[in-house]
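**Q**
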Amino acid sequence: MPELPEVETYRRSIEFHLLGETLLDIRVYNPSLRWPFALEIYNLKNQMLLKVKRRGKYLLLAFSKGWIIIHLGMSGNLRISNQSFPKDKHDHVELIMTNSKILRYNDQRRFGAWLWCIDINKTPLLDSLGPEPLSNNFNGNYLFKISRRKYTPIKPWLMDSKIVAGIGNIYANECLFMSRIDPNRLIDNLNLVETIKLADSIKDILLSAIEKHGTTLQNFLQTDGMPGNFNNSLQVYKRDGKPCYICQQPIKREKQRQRSTYWCTNCQI
DNA sequence: CCCGAGGCCTGCGGGC
DNA sequence: TGCCCGCAGGCCTCGG
Numbered sequence: 001m002p003e004l005p006e007v008e009t010y011r012r013s014i015e016f017h018l019l020g021e022t023l024l025d026i027r028v029y030n031p032s033l034r035w036p037f038a039l040e041i042y043n044l045k046n047q048m049l050l051k052v053k054r055r056g057k058y059l060l061l062a063f064s065k066g067w068i069i070i071h072l073g074m075s076g077n078l079r080i081s082n083q084s085f086p087k088d089k090h091d092h093v094e095l096i097m098t099n100s101k102i103l104r105y106n107d108q109r110r111f112g113a114w115l116w117c118i119d120i121n122k123t124p125l126l127d128s129l130g131p132e133p134l135s136n137n138f139n140g141n142y143l144f145k146i147s148r149r150k151y152t153p154i155k156p157w158l159m160d161s162k163i164v165a166g167i168g169n170i171y172a173n174e175c176l177f178m179s180r181i182d183p184n185r186l187i188d189n190l191n192l193v194e195t196i197k198l199a200d201s202i203k204d205i206l207l208s209a210i211e212k213h214g215t216t217l218q219n220f221l222q223t224d225g226m227p228g229n230f231n232n233s234l235q236v237y238k239r240d241g242k243p244c245y246i247c248q249q250p251i252k253r254e255k256q257r258q259r260s261t262y263w264c265t266n267c268q269i
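In full-length UniProt numbering, the protein residues as written are 1 to 269.
Given below as structure tokens:
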């Protein structure tokens, strides 16, 4: 579910509320997530939260003995609340902190993960990730270079975390609309002007979605329970059959690799 | 090596 | 009302 902007929204909120607090207790109601809840996390008891980082869609919490790696899968949610807040049946993990606040992990489908590592620079899950889309080493030249002599369609390629980290189905669709590129185009076929336009669109869209605290479709809520505000900015995602905001032609939907792709057949070429 | 389908889960909405 | 099907912000694993 949550893509880079939603995870970044969580990162900022956790940093604001919980950085420097000590982890008093860990409660696990259901350890059977995508992989079993990492038992090493119990060793972090009585340690201070030192850093809150993000890599792609992974949230990284640093303690002196190591890191908690959180991935939210499709339906994972984080909330920061007081003890009095009633528990939901899909609440699976709670971190109880010294300022009497609880970080609570809720995940209806349990595709998410709570893992552990000593060194985030030496962990297989993160090693294989491509560049951060908002960093300087992600740009149109990079996209141009790695797309030569490859013949996969651009849209599923953008969702491959080895190419660029953090882009999922919503933002892949939106970025291609902004750069006016047909999602079915084969990547080798894009010229440098187009890959530059695409990289710039990716940065634009992600930054603006972060500013609006993400997109709420079904499950995503901010740590205070408020929805994200990027929904009104969506140009194509979930708009099949509705008129394109530029040319009024109906937005088309088709599956690519089992995922819905939305685009304007008139504007995107 | 590369690619795509399958599968992990739960819940919702639409058609009959 | 109920059942069945398709659909949903992801991504690892495995087969060809």
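Just so you know, even glycine gets a beta-carbon here, dropped at the ideal spot from N, CA and C. Quick caveat: nothing in here was measured; it's all calculated off a predicted structure.
Can you look up phenylalanine 63 in the DSSP assignment and give me helix, strand or coil?
**A** Phenylalanine 63 falls in the strand class under three-state DSSP.
**Q** By Cβ distance below 7 Å, which residues in the same chain neighbour arginine 54 in space, the five residues on each side in sequence not counted?
**A** If we look at arginine 54 and ignore the five residues flanking it on each side, its Cβ neighbours are Val7, Glu8, Arg11 and Leu60.
**Q** When we look at the beta-carbon of asparagine 106 and count the other beta-carbons within 10 Å, is it buried (16 or more) or exposed?
**A** Classification of asparagine 106: buried, given that the 10 Å Cβ count is 16 or more.
**Q** With DSSP as the reference, label asparagine 121 as helix, strand or coil.
**A** Three-state result, asparagine 121: helix.
**Q** Quick one: which unbroken alpha helix (DSSP H) runs of 4-plus residues sit fully inside the region 188–248? Chain order, please.
**A** For the region 188–248, whole alpha helix (DSSP H) runs of length 4 or above, ordered along the chain, are 192–211.
**Q** Looking at the structure shown, is alanine 113 part of a helix, part of a strand, or coil, going by DSSP?
**A** If DSSP states are grouped into helix, strand and coil, alanine 113 belongs with the strands.
**Q** At which residues does the beta strand (DSSP E) containing methionine 178 begin and terminate?
**A** Where methionine 178 is concerned, there is no enclosing beta strand (DSSP E), although the alpha helix (DSSP H) it sits in stretches over 169–178.
**Q** For a test of the three-state rule: what should DSSP assign to proline 5, helix, strand or coil?
**A** The answer is helix: DSSP assigns proline 5 an H, G or I state.
**Q** Give the straight-line distance between the Cα atoms of isoleucine 41 and isoleucine 68, rounded to the nearest whole angstrom.
**A** C-alpha separation (whole angstroms): 7 Å.
**Q** Do you know whose CA, among Gly73, Lys45, Asp182 and Lys162, lies nearest tryptophan 35's CA?
**A** Here the closest residue by C-alpha is Gly73.
**Q** Indicate whether leucine 143 and threonine 195 have their beta-carbon atoms separated by less than 8 Å.
**A** The answer is yes: Cβ separation under 8 Å.
**Q** How big is the Cα-Cα spacing for lysine 89 and asparagine 136?
**A** Rounded to whole angstroms, lysine 89 to asparagine 136 spans 42 Å at the Cα level.
**Q** Our contact map puts valine 164 next to glycine 214 with C-beta atoms below 8 Å; I'd like the distance itself, whole angstroms only.
**A** The Cβ separation is near 18 Å, so there is no contact.
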